[in-house]
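Please read the structure below before turning to the comments.
Number of protein chains: 2
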Amino acid sequence: MKGIPPATVQRLPIYLRCLREFEAPTISSERLAELARVNSAKVRKDLSFLGSYGTRGVGYDVDHLTHQVSRELGLTKDWAVCIVGMGNLGNALARYGGFGERGFDVLGLFDSDAGKVGRKVGNLRIEPLGAFAKAVKSRGFSIGVITTPASAAQESADRMVKAGITSILNFAPIVLSVPEEVDVRRVDLSTELQICSFYLSRSAGKRAS
Amino acid sequence: MKGIPPATVQRLPIYLRCLREFEAPTISSERLAELARVNSAKVRKDLSFLGSYGTRGVGYDVDHLTHQVSRELGLTKDWAVCIVGMGNLGNALARYGGFGERGFDVLGLFDSDAGKVGRKVGNLRIEPLGAFAKAVKSRGFSIGVITTPASAAQESADRMVKAGITSILNFAPIVLSVPEEVDVRRVDLSTELQICSFYLSRSAGKRAS
């Protein structure tokens, strides 16, 4: 069991995206650092946790490194994903092209609203929450995505935990209570706006001074 | 001009969220580290860039630190935000409750589809792209959010740049070309799923071994 620090794990998807978009066969740590917006010593350290050291004067082989990062992230197998809460965000995620190609198969969409049940989104139909537990068993959902309003999020999490899901991605603006063995990741859609704001205030400051 | 490293900037919104959810008057770097999932030495270092050092045995004053992080992120003033591309994701973001309370006022929604123009989303009506440049002038949008399909994203970015927007948040799965002085941040909605996958493969490995 290699101990990869959580902060490194957070950066692996960023490296992966940069590598996938990079068009030359090799990449230097400096270039990867620039694309990923971290410093190059950190890139080298992060990649060393994966056993990747690059070649002095040449850099890293892009294909090999892409494979290594993917494998480390568990992306060489596919994961079945379900989404609970089919409002705008649930619909947007269900239709989001990027999931399938990264190994995340959205295989179930659920909502408590009888008016939404049966509606088609892409290739799937929205199912009632009553069908959730059985669907987890038959379709083996590994990751549950919560896109309900805040008021329904805890109940959705309880349902997921009860059905055996151990990894939850929560878009609802609420802190969920789950047993210790369940991994909950909270996505705050305003995070990146806050980073925009940081750089904007800096450049506004520069212009003013 | 203080030089706050980009990696620290990335973590500031996470600290801010943790601080806002924390209910005691003081917080130790260890506790904040645990909530933010980074190590506590890094928390102390990050906060030292803000001139915050905490008090030994007591920790940081939560209100004061919240204010410092907010100020550093430029959140003590409001920013006007516009969204181009009113599909599911655009609608989800326009209705997302978390923006307003964090100082991001969504003041304009635009789409090229005449069928969508005029439709009401929250308190706003979707406007045609032809009205964009004038709206930037009159409403002072600082941040442009792109939620169009990939095929329309570059054109949207060009329009934003031409209208004087210098900060773009891009949700479309494409790399945008913009002049150097424009800050583009790309949001990949599958990033957090990839981190879920990392921890899932680890725990699956643990169970199997």
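Chains A and B supply the protein sequences, listed in that same order.
Heads up, the first sequence is in the working numbering, so the first residue is 39 and it goes up one at a time.
Heads up, the second sequence is in the working numbering, so the first residue is 39 and it goes up one at a time.
Using N, Cα and C, we set each Cβ at its ideal position, and we do this for glycine too.
Contacts that residue i makes with chain A (C-beta to C-beta distance below 7 angstroms)
| i | result |
| --- | --- |
| B:Gly59 | As written in the sequence, residue 59 of chain B is Glu, which differs from the Gly given in the question. Correct list: Val213. |
| B:Val48 | Looking at the sequence provided, one finds Gln at residue 48 of chain B rather than Val. Those within 7 angstroms of B:Gln48 in chain A are Ile233. |
| B:Leu207 | Glu230, Leu231 and Cys234 |
Where residue i falls, given that 16 or more other Cβ within 10 Å makes a residue buried
| i | result |
| --- | --- |
| B:Ala141 | Sequence check: residue 141 of chain B is Gly here, not Ala. Its Cβ being crowded by 16 or more others within 10 Å, B:Gly141 is buried. |
| A:Gly41 | exposed |
| A:Thr93 | exposed |
| A:Ser189 | exposed |
| A:Val194 | The sequence given here has Ser at residue 194 of chain A, not Val. Looking at its Cβ environment, which holds 16 or more other Cβ atoms inside 10 Å, A:Ser194 is buried. |
| B:Ala132 | buried |
| B:Asp196 | exposed |
| B:Lys154 | buried |
| B:Ala246 | Here B:Ala246 scores only 46 on pLDDT, less than 50, and its place in the model is too uncertain to base an answer on. |
| B:Ser67 | buried |
| A:Ser176 | exposed |
| A:Arg109 | exposed |
| B:Thr114 | exposed |
Chain-ordered neighbours of residue i on chain A, where CB pairs are closer than 9 angstroms
| i | result |
| --- | --- |
| B:Ala45 | Ala45, Arg49, Arg75, Val76, Asn77 and Lys80 |
| B:Phe137 | Leu227, Ser228 and Leu231 |
| B:Glu110 | Phe236 and Ser239 |
Three-state secondary structure assigned by DSSP to residue i
| i | result |
| --- | --- |
| A:Ser247 | Note that A:Ser247 has pLDDT 40, beneath the 50 cutoff, so the model's placement of it is unreliable and the number below is only indicative. Note: A:Ser247 maps to coil in three-state DSSP. |
| B:Glu219 | coil |
| A:Phe148 | strand |
| A:Ile52 | helix |
| A:Ile233 | helix |
| B:Glu61 | coil |
| A:Asp226 | coil |
| A:Lys154 | coil |
| B:Pro166 | strand |
| A:Phe142 | strand |
| A:Leu214 | coil |
| B:Gly136 | helix |
| B:Gly128 | helix |
| A:Val183 | strand |
| B:Ser239 | helix |
Contact set between residue i and chain B, taken where Cβ atoms lie within less than 7 angstroms
| i | result |
| --- | --- |
| A:Thr93 | The contacting residues do not exist; A:Thr93 stays about 25 angstroms from chain B at best. |
| A:Ile164 | By Cβ distance, chain B contributes nothing, its closest Cβ being about 14 angstroms from A:Ile164, past 7 angstroms. |
| A:Tyr134 | Leu227 |
| A:Arg55 | Asp226 |
Under 8 angstroms by beta carbon: chain A residues contacting residue i
| i | result |
| --- | --- |
| B:Thr204 | Leu238 and Ser241 |
| B:Val155 | Near B:Val155 there are no residues of chain A at all, since even the closest Cβ is about 18 angstroms away, more than 8 angstroms. |
| B:Asn126 | Asn126, Leu127, Asn129, Ala130 and Arg133 |
Listed by chain order, chain B residues near residue i by CB distance under 8 angstroms
| i | result |
| --- | --- |
| A:Arg140 | Ser228, Leu231 and Gln232 |
| A:Glu218 | Correct list: empty, because the minimum Cβ distance to chain B is about 12 angstroms. |
| A:Glu72 | Simply none; closest approach about 10 angstroms. |
Contact with chain E by residue i, beta-carbon distance below 8 angstroms
| i | result |
| --- | --- |
| B:Arg69 | No chain E appears in this structure, whose protein chains are A and B. |
Neighbour list for residue i in chain B, Cβ cutoff strictly below 9 angstroms
| i | result |
| --- | --- |
| A:Ile181 | Leu231, Cys234, Ser235 and Leu238 |
Whole runs of the alpha helix (DSSP H) within the stretch 78–124 of chain B, excluding any shorter than 4 residues: 78–86 and 100–110
Tell me whether the stretch 60–67 of chain B and the stretch 114–130 of chain B touch, counting them as touching only if at least three CB pairs, one residue from each stretch, are closer than 8 angstroms. no
Count the CB pairs spanning the stretch 204–212 of chain B and the stretch 167–183 of chain B that are closer than 8 angstroms, and state whether there are at least three. yes
Check whether the stretch 47–56 of chain A and the stretch 72–92 of chain A are in contact - that is, three or more C-beta pairs closer than 8 angstroms. yes
If you pair each beta-carbon of the stretch 161–174 of chain A with each one of the stretch 96–105 of chain A, do three or more pairs fall below 8 angstroms? no
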